[in-house]
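Per the working numbering, the very first residue in the sequence shown carries number 25; after that it's consecutive. C-beta atoms are modelled at their ideal positions from N, C-alpha and C, and glycine is treated no differently.
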Amino acid sequence: MAEILAELKLDMDTLVAAVLYRAVREAKLPLAQVEENFGKVVAGLIQDVQGMAAISNIQNPRRQVLDHRQDQLEKVRKMLVSIIDDVRVALIKLAERTCAIRAVQHASKEKRQRVAREVFEIYAPLAHRLGIGYI
């Protein structure tokens, strides 16, 4: 994930947050420890990326909260854009989802479809709006 962000020539705080994000997400590294060792900026980026992860839960077909009508998808996209105070948060999440779609090739068909649907319906349009659709 950090490699994708490094190609975009992002700052060190963003790259560090990208490297540490998964460990924090999987509760292997407390966010408080990240803040203590790497500062408030890195910890804040990770915390905000975790907030964006709520969209993944909305998209989870087992929850059936969101059907696939275009108007509802557009509302989710707009909500995502509205909650982002720092574009680096979106870039980290987009890089994470890019890695996820690359990694699911050996997963179950259901998981591949779920990740692909989430990426193509939510995150790909966001990437295009940010001018980085090529990732």
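Secondary structure at Gly157: coil, using DSSP grouped into helix, strand and coil. Taking 8 Å as the cut-off, the beta carbon of Val73 is found no closer than this to the beta carbon of Ile28. Three or more Cβ pairs drawn from the stretch 138-153 and the stretch 111-125 lie within less than 8 Å of each other, which places the two stretches in contact. For a cut-off of 8 Å, the C-beta gap from Asp109 to Val66 is around 15 Å, too long to register as a contact.
Secondary structure note for Met76: its alpha helix (DSSP H) is the uninterrupted segment 64-76.
Where Lys133 is concerned, the enclosing alpha helix (DSSP H) starts and stops at 133-142. At the C-beta level, Val43 and Met76 stay beyond 8 Å of one another.
Taking a C-beta distance under 8 Å as the contact criterion, Val48 and Leu55 qualify as a contact pair.
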